[in-house]
Structures are given as structure tokens and as C-alpha cells.
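Notes follow once the structure below has been shown.
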Amino acid sequence: MKLRSLLLLFAVFAPLEFAQAAKITMQDGRELVGLLGMCAGVAEDPSQPAKQPGAVDVQPILIVDDGLRRTFVSKRRIREVNEAANPPQERILVRQNAATAGLKIGSVGPILKITPFDDYGRRIFSMQGSPDPINIVQGITEITPVWTKVEGLQGRRPYTPYVWEMRIATSSIPRETLAKIIAQNYQVNDPSARLQAVRLYIQAERYRDARLELEQLVEKFPDKKEFETQLRVLRQLAARRLLDELELRRDAGQHRTVEALLAQFPADDVAGETLQSVREIQRQYDEERARGEQVVALLDENLQALEDRALAERARVARDEIVAEMNYNTLDRMATLLRLADDATLSPGQKLSLGISGWLLGANDASENLIVTLSIYDVRNLVLEYLRERLVGRRRELLDEIKSQEGASPAQIAKLLANMNPPIEDEKKDPKTAGLLQYEIPGIGGDLDPRYYVQLPPEYDPHRLYPTIVTLNGAGTTAEQQIDWFAGAEVEGRRLGQATRFGYIVIAIDWQRENQTSYEYSAREHHAVLGGLRDAMRRFSIDSDRVFLTGHSIGGDAVWDIGLAHPDLWAGVIPIVAVADRYCAHYWENAAQVPLYVVAGEMDGDKISRNARELDRYLRRGFDCTVVEFLGRGHEHFYDEVQRVFDWMNRRRRNFFPKEFDCATLRPWDNYFWWVELDEFPDRSIVHPGSWPPPRGVRASSVSCKIHETSIYVKAGAARATIWLTPELIDFNARVEVSFNNRRLNGREPFIEPDLEVLLEDVRTRGDRQHPFWAKLDWPAQ
83 MKLRSLLLLF AVFAPLEFAQ AAKITMQDGR ELVGLLGMCA GVAEDPSQPA
133 KQPGAVDVQP ILIVDDGLRR TFVSKRRIRE VNEAANPPQE RILVRQNAAT
183 AGLKIGSVGP ILKITPFDDY GRRIFSMQGS PDPINIVQGI TEITPVWTKV
233 EGLQGRRPYT PYVWEMRIAT SSIPRETLAK IIAQNYQVND PSARLQAVRL
283 YIQAERYRDA RLELEQLVEK FPDKKEFETQ LRVLRQLAAR RLLDELELRR
333 DAGQHRTVEA LLAQFPADDV AGETLQSVRE IQRQYDEERA RGEQVVALLD
383 ENLQALEDRA LAERARVARD EIVAEMNYNT LDRMATLLRL ADDATLSPGQ
433 KLSLGISGWL LGANDASENL IVTLSIYDVR NLVLEYLRER LVGRRRELLD
483 EIKSQEGASP AQIAKLLANM NPPIEDEKKD PKTAGLLQYE IPGIGGDLDP
533 RYYVQLPPEY DPHRLYPTIV TLNGAGTTAE QQIDWFAGAE VEGRRLGQAT
583 RFGYIVIAID WQRENQTSYE YSAREHHAVL GGLRDAMRRF SIDSDRVFLT
633 GHSIGGDAVW DIGLAHPDLW AGVIPIVAVA DRYCAHYWEN AAQVPLYVVA
683 GEMDGDKISR NARELDRYLR RGFDCTVVEF LGRGHEHFYD EVQRVFDWMN
733 RRRRNFFPKE FDCATLRPWD NYFWWVELDE FPDRSIVHPG SWPPPRGVRA
783 SSVSCKIHET SIYVKAGAAR ATIWLTPELI DFNARVEVSF NNRRLNGREP
833 FIEPDLEVLL EDVRTRGDRQ HPFWAKLDWP AQ
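Structure representation (C-alpha cells):
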């Protein structure tokens with residue numbers, strides 16, 4: 083039975099009469115559901131939109147209000163609007179003595195403490211006032227599958243009543259607490275009222291909670307046979323959800339977890355279609371396991387048959403590595419060997435070469451020449467040594483040795499780099515534990531060495547590329563708490579957060595000075611973030627096209643600035659309760675190159691109005707920007723939004739090879755954009771953080787870059803430039819003209835030669851093994 087049909091069985095229990103919401107499908111595939119509105123800016127009242135000159139309404143921004151938050155997106159980013167697309171949602175009213183008169187909350191101050199909800203849905207919300215703390219008695223007054231309304235109550239002395247309505251995500255309330263609150267509002271012997279809670283859980287896709295509630299009903303009312311039918315439907319829904327989780331964990335590379343869940347998958351009351359899908363997943367794992375065993379047998383068989391024993395001993399070292407490290411993530415490298423395993427025209431040496439070269443370069447580049455393949459194996463080891471070496475003299479010796487090897491071309495080494503493990507092996511790393519890893523990088527300018535923490539996902543495998551979150555904490559919080567926000571708190575050696583489920587590496591930068599209360603826009607802070615990322619890329623298998631920068635509070639201020647200053651590094655930037663200040667106003671055009679997901683509270687002071695100019699610039703021009711404003715909320719961590727944040731991240735990849743871009747810079751260290759590095763900007767285009775605000779007449783330096791088929795044009799207000807080149811940007815076999823500020827960089831030489839030293843040094847310094855640069859051109863020429 084289809085999932086939609088199962089849900090409709092519950093929908094017929096009690097008809098509801100609420101306004102139908104519209105479903106918005108974005109170009110990236112996200113779906114937003116809620117009431118629609120249009121506006122010209124994020125700070126304006128949607129019911130009274132501002133008019134542009136000439137009294138013509140210009141409303142390029144769409145608002146989707148789902149009752150919990152308002153989501154602002156550009157109309158240019160919408161693929162489809164489907165009105166009345168969703169069935170009405172269940173609502174449960176909770177009896178409370180809500181305050182209708184008294185003091186009103188205009189903005190929410192720093193939160194001091196929030197007590198848990200009691201059985202009646204009440205709690206005390208404490209925040210900093212002026213000058214004394216403010217304690218507000220709150221109560222839940224309405225519950226829906228998406229949001230729960232919390233209002234100020236008529237508290238008894240010493241509590242002053244406050245008129246305040248806020249919304250929190252219903253998913254943030256534990257089932258035990260929610261069940262007790264709902265139970266206060268129906269008669270125990272009224273099954274229809276209790277079914278309301280079941281429907282609410284189902285609409286919220288909390289199938290386990292719905293099943294537990296329904297099982298209690300079955301026990302309480304054994305004569306209600308229809309409850310048994312509904313319970314079977316719920317088991318099918320839960321099984322479908324478990325199957326979805328299996329597929330998610332498989333896509334995240336958590337194969338041991340998937341196989342363990344497959345062994346425990348329930349068979350009773352599960353739809354045949356679901357069981358068939360489960361059997362198919364199990365069959366695929368069985369086939370992969372058999373393929374792995376076949377690879378080992380083929381390697382051993384052909385190694386034994388190899389007559390040249392000296393060659394066999396060299397090949398055995400590679401064979402041992404393959405057998406020790408091959409798994410579900412790397413088995414595809416053996417595809418050519420498996421396909422040609424029964425080819426009688428191939429010798430044992432040729433077949434052995436197919437396996438080893440496939441391991442080193444990938445199945446598409448597997449070679450039959452064993453001598454060349456073993457040379458490539460030696461080159462791989464020399465390259466690893468080069469990337470680890472700190473001494474310049476020794477690196478030069480290694481480079482000469484690499485060049486002397488057969489198969490040491492830039493093209494071949496680029497393939498090696500893409501398939502090899504990170505160069506720095508870490509004895510502290512134990513992917514079987516949930517413990518944090520901690521590292522330091524050298525500081526700059528006499529500052530302390532910045533630290534960063536790394537949380538690896540379950541079953542971390544260096545042969546697999548992982549999406550990565552770089553996160554910055556706010557004032558008064560810690561880097562470790564940022565790990566908890568994304569990966570979940572550690573409980574009995576496990577973390578169960580969203581980064582764990584989706585298989586993300588989380589890097590938390592300990593970026594603040596002691597007692598720091600604001601972001602300083604400094605080189606020290608940029609270095610802590612960028613240096614930490616580069617160091618982590620040398621240690622861990624980070625997908626450089628899926629690195630996301632995020633932070634809370636002043637950490638959010640930092641990521642907004644750093645994200646715009648270095649747009650080439652990020653697949654997306656996520657500032658939470660942040661302010662776009664100082665350089666952000668000068669770098670707004672850079673936001674065209676990097677996706678933004680901004681989260682705010684409606685009552686977090688004047689932040690929405692302070693950020694309105696920048697956000698409106700992004701949204702009106704159709705930039706990839708999503709703004710989320712939680713109703714009635716203040717300066718919080720907004721864990722309510724974490725699932726939508728991951729949904730947004732899962733749909734994004736960085737484009738590292740744009741053929742055209744325009745950027746702005748106002749600091750000397752904001753000088754590297756994709757494949758262009760600049761230096762020596764004019765004084766009138768440079769403002770150091772200590773000299774802020776800039777004097778009158780200072781303007782950011784613009785950078786404009788374009789690539790045509792046989793020409794590259796770079797224009798920038800800088801005296802020096804380096805143009806970095808790869809096969810994705812130019813054809814090294816074609817005549818190419820490269821110019822900087824109308825000066826030709828490659829002189830009379832129309833062909834640009836790849837340079838092995840440039841390639842290796844680029845990977846050693848940037849840590850990006852996916853996109854190494856093969857050549858560079860300097861102005862002035864060096």
C-alpha cells in the first residue's frame with residue numbers, strides 16, 4: 083500500500099476545516115509549505131508592502147509562513163506553486179490562562195534559563211532584562227504537527243504577566259512530555275479525543291510515537307477492533323520510514339549499520355513492496371561481498387601465476403594494501419579486473435596490473451602494463467612523502483625522484499591524488515568511537531595557536547569523500563557545543579544527530595580570544611578558520627566541493643564575513659542569529675557566487691532591520707539565498723531548523739571552475755578567488771579592521787574574470803597576479819592567450835605547459851586533492 087494511501091486512512095477519522103496551505107517547489111527541489119505572501123523587503127510588513135517610485139508595487143520576494151517561521155526566497159528561484167496541495171493539519175488546543183493584559187515583550191534579551199515543560203505544558207522562561215532578569219511563566223496553548231504555540235500566562239506573584247506569543251517546533255518536544263500535556267485536555271475514556279493525538283503524530287511523521295499511543299488505546303479499548311487495523315497501518319508506515327533510513331545510511335557510507343538494521347528488519351504487518359525493497363538491498367550487499375571475495379581470489383591467483391618473482395614481490399606489496407583496505411567504497415575500482423577476469427588473451431601480469439592500476443587510478447584508467455603500474459605505485463608513495471615533507475630541500479629531492487619515474491605525468495599524478503588517502507595519517511583517529519579529535523595550527527602575528535575539533539561520522543573511511551561542516555561558536559559558548567548542535571550530544575559513546583545520520587564531518591573552530599564578545603573582522607580570525615580547514619583537509623577525506631561554513635551569534639557574524647570574503651571555498655554559508663556588518667556591505671556582490679541560508683528570530687532586537695539592506699540585495703537580484711525568521715523568538719540556537727538546514731546542504735555543491743565571475747575585496751588577505759590570486763592593491767582600496775570605518779572615498783577593489791575557449795581575461799585593481807590553470811579551465815594542447823589588466827602573461831608562447839612542481843605544491847599548501855592546479859602564470863613574470 084502506498085504511503086499516501088496509508089495516510090489517507092487516518093485522515094478520514096475526523097474532517098478538519100482549516101485554510102489550505104500552498105506548496106512551493108524551489109529550483110533546487112526543496113518544498114516549502116505554508117501561507118504565501120509577497121514583499122519588497124524582509125523588514126517590511128507583508129500586509130502593508132512598500133511601494134517603489136511611481137506607485138508601482140515591486141515585490142520580488144516570496145514569503146512562506148508555516149506557522150512556525152517565515153521563509154523568504156527570491157521569486158526567481160521558484161519552479162512551481164501548487165495551491166491547496168496539502169491536506170489540513172490536526173490542531174490540539176490546550177487550556178491555559180493566557181495573559182491578555184500586562185507588559186508586552188518587544189524583543190527577547192539574552193536567555194538565562196528555560197525550564198522543561200511540566201505535565202500541564204507550562205515552563206519558566208528567564209532572560210536578561212534591564213537591569214534585572216525577567217522571569218516569564220509560559221504555557222502551551224496550541225499544538226500542530228509542525229508548530230506549537232507558547233504564550234505568556236497570568237502568573238501568580240512573584241511572576242508578572244507578559245503578553246507574548248512564540249512558536250516552537252513540535253518535533254522539539256519529547257513524546258513523553260507531549261503525551262502528558264495532550265492527556266490533560268481529553269477524557270481518558272474518550273477514544274475519539276485520544277485518536278486526535280495519534281493523527282497529530284502521524285502528520286508529524288512521528289510514527290513510533292503514534293504507534294505507542296495507539297497501542298495504549300488498543301489496551302484500553304479492546305473491543306475497538308478498528309484500532310487493530312489502524313495499528314497495522316502504522317506498522318507499515320514505520321517500516322517504510324525504517325527503509326528510508328536504511329537507504330539514507332547506505333548513501334552516507336554506513337554499511338555496517340545498514341547490514342545490522344537489515345538483520346533486524348520487522349516482517350510482520352509490513353507491505354510486500356517494502357519487504358521487496360529490503361530484500362533487494364540485502365541482495366546488493368551479498369553481491370558486493372561476493373565481488374570482493376572474487377577480487378582477492380583473482381589477485382592471489384594471478385600473483386601466484388606470475389613467473390617473474392622479483393616483479394611478483396613488488397606486486398605483492400600492492401596486493402596486500404588492496405586486500406587490507408578494499409571495502410564497499412572502493413570495490414568499483416576493481417570493475418575492469420572483474421570484467422576481464424575470464425579473458426584468456428590476457429596474461430596473469432596483465433590481469434594483476436588491471437587490479438593494481440584500478441586501485442591507484444580508478445577503473446576507467448586501469449592499465450595492462452604491470453611494469454608501468456608498479457612504477458605508478460612507487461610514484462604514489464613518493465607523492466605521499468612529498469606532501470608530508472616540511473623541509474624544502476628534501477621536497478626538491480623527492481620531486482626529482484618522482485620525475486624520474488615512468489608514468490609521472492601531471493595527468494597521472496592528478497588521478498593518483500584523487501584516489502589516494504589524505505597524506506597525514508593520525509594515530510589518534512579511531513573511527514569506531516564518538517570521541518572528539520583536537521588539533522592546533524600555528525598562529526600568526528604572535529597570537530596563540532588556534533585549535534579546532536573534528537567529529538568524524540560513523541564508519542569513517544579515508545577512501546570515501548565526506549561533506550563537511552566548518553562551524554564557529556558564539557560568545558559564551560564553546561566549540562564543543564557546536565559539535566553537539568550538528569552531530570548530537572555524545573551519549574554512551576554515540577552521537578545521534580543529523581551529521582551522524584547524513585555522514586558529515588564536523589569541524590568546530592576554537593576561534594575566539596579569551597572573553598571575546600564580538601567579531602573583529604581580523605586576519606587572525608580568518609586564519610583560524612581557513613588554516614583549520616586546510617589542515618583538516620590534509621588529515622581527513624573532505625569533499626572540497628561540499629564544505630559548508632556556519633556559525634551562531636558572533637560566530638554567525640564571522641561566517642557571514644568570511645563566507646563573502648572567500649566565496650570560492652564554500653558550497654554554502656549558514657549564519658544563525660548573525661549580523662552582516664562592516665565588510666559585508668562592500669562584499670554583497672560576492673553573494674552571487676555562494677549560497678546563503680540565514681536564520682533569525684523575529685524578536686532578536688533589530689537584527690532583521692539591520693540585515694535588511696544586504697538580504698534585500700540578495701533576494702531582489704535572485705541570488706541563491708534563503709532567509710528564515712522564527713515567529714516570536716529571540717537570540718537562540720534554533721535547533722528547530724537543523725533538519726531543513728541539512729536538506730538545504732544536501733542539495734548543494736560548489737562549482738570550483740566558474741568561467742566568469744566578479745568579486746570585490748577590501749582587505750589584503752581577501753585576495754584569492756577560485757583560480758586568481760592577487761596582491762599589492764592600491765591603498766585607497768584597502769581598509770584594515772583597526773582603521774574601520776573607512777575614510778570617505780574608499781571603495782572596494784573589483785575583480786572581474788572571464789574565460790573564453792582560447793583566452794582568459796582578468797581585470798583587477800592590483801599590481802600583482804597569479805593565474806592558476808587546470809584542464810577544466812583550458813586545453814593545454816591548444817593555443818591560449820592569458821591577459822591581466824590588458825597585459826599578456828604568456829608572452830609569445832601560445833602553449834602553456836603543465837608543471838609537476840606547481841601541481842604538488844598546490845596540493846601540499848591548499849590540501850585540495852580533487853582540484854589541483856597544473857600550471858600558473860605570474861604578473862610580473864618570475
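Each residue of the sequence shown is one higher than the last, beginning at 83 in our numbering.
Just so you know, even glycine gets a beta-carbon here, dropped at the ideal spot from N, CA and C.
Since the model is a prediction, treat every value here as computed from it, not as a measurement.
Pick from the options that is closest to residue i, judged by C-alpha positions
| i | options | result |
| --- | --- | --- |
| residue 755 | 666, 648, 801 and 611 | 648 |
| residue 780 | 766, 843 and 277 | 766 |
| residue 287 | 320, 309 and 305 | 320 |
| residue 192 | 201, 210 and 176 | 210 |
| residue 828 | 807, 841, 843 and 845 | 807 |
| residue 411 | 762, 224, 665 and 336 | 336 |
| residue 163 | 315, 172 and 107 | 107 |
| residue 911 | 268, 225 and 221 | This structure cannot settle anything about residue 911, because the visible part of the chain is limited to 83 through 864. |
| residue 685 | 187, 264 and 295 | 187 |
| residue 247 | 254, 239, 219 and 261 | 219 |
| residue 237 | 254, 217 and 256 | 217 |
| residue 439 | 429, 430, 424 and 415 | 415 |
| residue 468 | 726, 722 and 504 | 504 |
| residue 752 | 737, 668, 724 and 540 | 668 |
| residue 707 | 560, 316, 716 and 153 | 153 |
Limits of the alpha helix (DSSP H) - the one that residue i falls within
| i | result |
| --- | --- |
| residue 598 | It is not in any alpha helix (DSSP H) - residue 598 carries neither H nor E in the DSSP assignment. |
| residue 113 | From DSSP, residue 113 is part of no alpha helix (DSSP H) but of the beta strand (DSSP E) over 113 to 121. |
| residue 492 | 492 to 501 |
| residue 356 | 354 to 387 |
| residue 779 | No alpha helix (DSSP H) contains residue 779, which DSSP labels as neither H nor E. |
| residue 614 | 605 to 621 |
| residue 391 | 391 to 407 |
| residue 627 | From DSSP, residue 627 is part of no alpha helix (DSSP H) but of the beta strand (DSSP E) over 624 to 634. |
Delimiting residues of the beta strand (DSSP E) encompassing residue i
| i | result |
| --- | --- |
| residue 888 | A query on residue 888 cannot be resolved here, the shown segment of the chain reaching from 83 to 864 and no further. |
| residue 215 | 215 to 225 |
| residue 193 | 193 to 196 |
| residue 759 | 758 to 761 |
| residue 859 | 857 to 861 |
| residue 549 | 548 to 554 |
| residue 849 | Neither: residue 849 is in no beta strand (DSSP E) and is coded neither H nor E. |
| residue 836 | Here residue 836 belongs to no beta strand (DSSP E), and DSSP marks it neither H nor E. |
| residue 807 | 802 to 807 |
| residue 742 | 742 to 747 |
| residue 537 | 533 to 537 |
| residue 798 | 793 to 798 |
| residue 730 | Element bounds for residue 730: not the beta strand (DSSP E) but the alpha helix (DSSP H), 724 to 731. |
| residue 268 | Where residue 268 is concerned, there is no enclosing beta strand (DSSP E), given that its DSSP letter is neither H nor E. |
Sequence-distant residues of the same chain with beta carbon closer than 6 Å to residue i, five excluded per side
| i | result |
| --- | --- |
| residue 328 | 340 and 343 |
| residue 847 | none |
| residue 564 | 553, 555 and 590 |
| residue 137 | At residue 137, the pLDDT of 45 sits below 50, so the modelled position is not reliable and the matter cannot be decided from this model. |
Residues near residue i by beta carbon distance below 8 Å, same chain, minus five either side
| i | result |
| --- | --- |
| residue 856 | 492, 496, 807, 808, 809, 814, 836, 837, 840 and 841 |
Cβ distance (whole Å) where residue i is taken to contact residue j below 8 Å
| i | j | result |
| --- | --- | --- |
| residue 520 | residue 542 | Not quite, the Cβ-Cβ distance comes to about 16 Å (not below 8 Å), so this is no contact. |
| residue 243 | residue 234 | 6 Å |
| residue 858 | residue 805 | 7 Å |
| residue 620 | residue 506 | 5 Å |
| residue 353 | residue 312 | Not really, about 15 Å apart at Cβ, beyond 8 Å. |
Cutoff 7 Å; reference residue i; Cβ partners in own chain excluding five residues on either side
| i | result |
| --- | --- |
| residue 704 | 156, 158 and 159 |
| residue 435 | 449, 450, 451, 452 and 455 |
| residue 97 | Its pLDDT being 35, under 50, residue 97 is placed unreliably in this model, and the coordinates cannot settle the point. |
| residue 110 | 733 |
Within-8 Å CB hit, residue i to chain D
| i | result |
| --- | --- |
| residue 343 | In the structure shown, chain D cannot be found, because there is only a single protein chain. |
Check: Is the region 375 to 395 touching the region 347 to 364, taking contact as three or more C-beta pairs under 8 Å?
Finding: no
Check: Does the pairing of the region 608 to 617 with the region 633 to 650 give three or more beta-carbon distances under 8 Å?
Finding: yes
Notebook entry, point to check: When the Cβ atoms of the region 679 to 694 are set against those of the region 708 to 723, are three or more pairs found closer than 8 Å?
Noted result: yes
Check: Taking one C-beta from the region 632 to 639 and one from the region 771 to 780 each time, how about it: are there three or more such pairs within less than 8 Å?
Finding: no
Margin query: Would the region 430 to 448 count as touching the region 463 to 475 if we require 3 or more Cβ pairs under 8 Å?
Written below: no
Next item on the list: State whether the region 523 to 539 contacts the region 577 to 595, with contact taken as three or more CB pairs (one from each stretch) at a distance under 8 Å.
Entry: yes
Margin query: For the region 726 to 735 against the region 195 to 203, do three or more pairs of beta-carbon atoms, one drawn from each stretch, fall closer than 8 Å, so that the two count as touching?
Written below: no
Checklist line | At least three beta-carbon pairs within less than 8 Å, the region 293 to 301 to the region 248 to 255 | finding: no
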